[in-house]
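One structure is given here, and the rest of the page talks about it.
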Amino acid sequence: METVQKVAWASSQARNHRTTRHYNVPIHIRNLISAKRRARFKRQRSCYPSDCRHFEDLAQELRNELSIFHAANYNTYVSSLSPKDQPLWTATKRLLNYHSILSPLLHQDNSWARSDEEKAEVFYYRISSIFQPFPDIDPVQTSQVYEFLDSPLPLALPPRSFTLSEISFIISHLPNRKSTGYDLITAPILKHFPRRALVFLTNIFNAVLRTTHFPLV
Numbered sequence: 060m061e062t063v064q065k066v067a068w069a070s071s072q073a074r075n076h077r078t079t080r081h082y083n084v085p086i087h088i089r090n091l092i093s094a095k096r097r098a099r100f101k102r103q104r105s106c107y108p109s110d111c112r113h114f115e116d117l118a119q120e121l122r123n124e125l126s127i128f129h130a131a132n133y134n135t136y137v138s139s140l141s142p143k144d145q146p147l148w149t150a151t152k153r154l155l156n157y158h159s160i161l162s163p164l165l166h167q168d169n170s171w172a173r174s175d176e177e178k179a180e181v182f183y184y185r186i187s188s189i190f191q192p193f194p195d196i197d198p199v200q201t202s203q204v205y206e207f208l209d210s211p212l213p214l215a216l217p218p219r220s221f222t223l224s225e226i227s228f229i230i231s232h233l234p235n236r237k238s239t240g241y242d243l244i245t246a247p248i249l250k251h252f253p254r255r256a257l258v259f260l261t262n263i264f265n266a267v268l269r270t271t272h273f274p275l276v
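Residue numbers are given in this note's numbering: position 77 of the sequence shown equals residue 136, and the series is strictly consecutive.
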């Protein structure tokens with residue numbers, strides 16, 4: 060599986076994902092951010108008191124400008140709300156939304172469960188008291204089920220072996236957009252397998268039927 064993954068990754072072309080940055084702040088705030096970064100770099104390099112004071116002044120000025128900018132945006136948002144439109148209902152619902160507070164866990168003696176071990180113990184006793192097996196309604200049927208499960212399996216003919224054409228047919232009809240498993244082998248990779256790989260895969264499947272053992276890897 061590792062070899063198949065390496066060959067597939069080596070032969071595939073990597074896509075270049077471009078990330079587009081959207082700046083929603085005015086140009087003067089962006090200039091303040093750039094100046095603050097330069098002042099911070101200069102302060103870290105020199106450690107002069109004048110550079111530290113200049114950096115703190117720029118940081119304070121940037122905080123003031125950002126607070127003014129956010130306040131203006133909020134005022135614009137509030138003034139744009141209308142009682143005839145849905146955003147007013149959405150904003151009211153968000154402001155009046157009540158977040159329920161989880162009550163503390165209590166022991167059977169009404170003492171608080173503070174540590175993680177105590178909370179796990181409370182959950183253990185609670186769940187074990189709730190999830191109980193149903194009572195045995197029909198003992199005759201239960202005994203028949205246990206008798207059937209304990210009885211030996213009837214003898215049967217061995218299953219028919221897989222053929223190369225069956226494996227090729229199943230692989231050719233796999234959906235290309237199906238998610239991969241733990242081996243990260245997709246359907247397009249399987250469809251590009253050479254005949255030698257398909258023969259090897261068929262031999263593995265037939266060996267599983269013959270030995271009645273399914274390998275982990």
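For every residue, glycine included, the Cβ atom is placed at its ideal position computed from N, Cα and C.
A direct Cα-Cα distance of roughly 28 angstroms separates residue 109 from residue 85. In the structure shown, the three-state DSSP call for residue 165 is strand.
Rounded to the nearest angstrom, the gap between the Cα atoms of residue 254 and residue 209 is 45 angstroms. The shortest C-alpha to C-alpha distance from residue 231 to any of 211, 252, 197, 94 is the one to 252.
Sixteen is the threshold: since fewer than 16 other Cβ atoms of the shown chains lie within 10 Å of the Cβ of residue 243, the residue is exposed. Per DSSP, the beta-bridge partners of residue 171 are 165. Per DSSP, the unbroken alpha helix (DSSP H) holding residue 132 starts and ends at 108-138.
Here residue 244 carries a coil assignment [DSSP, helix/strand/coil]. Of the candidates 195, 181, 266, the residue whose Cα lies closest to the Cα of residue 189 is 181. For residue 275, there is no enclosing alpha helix (DSSP H), as DSSP marks it with neither H nor E.
Using a Cβ-Cβ distance cut-off of 8 angstroms, the segment 259-267 and the segment 215-229 are in contact, since at least three pairs of beta carbons, one from each stretch, lie closer than that value.
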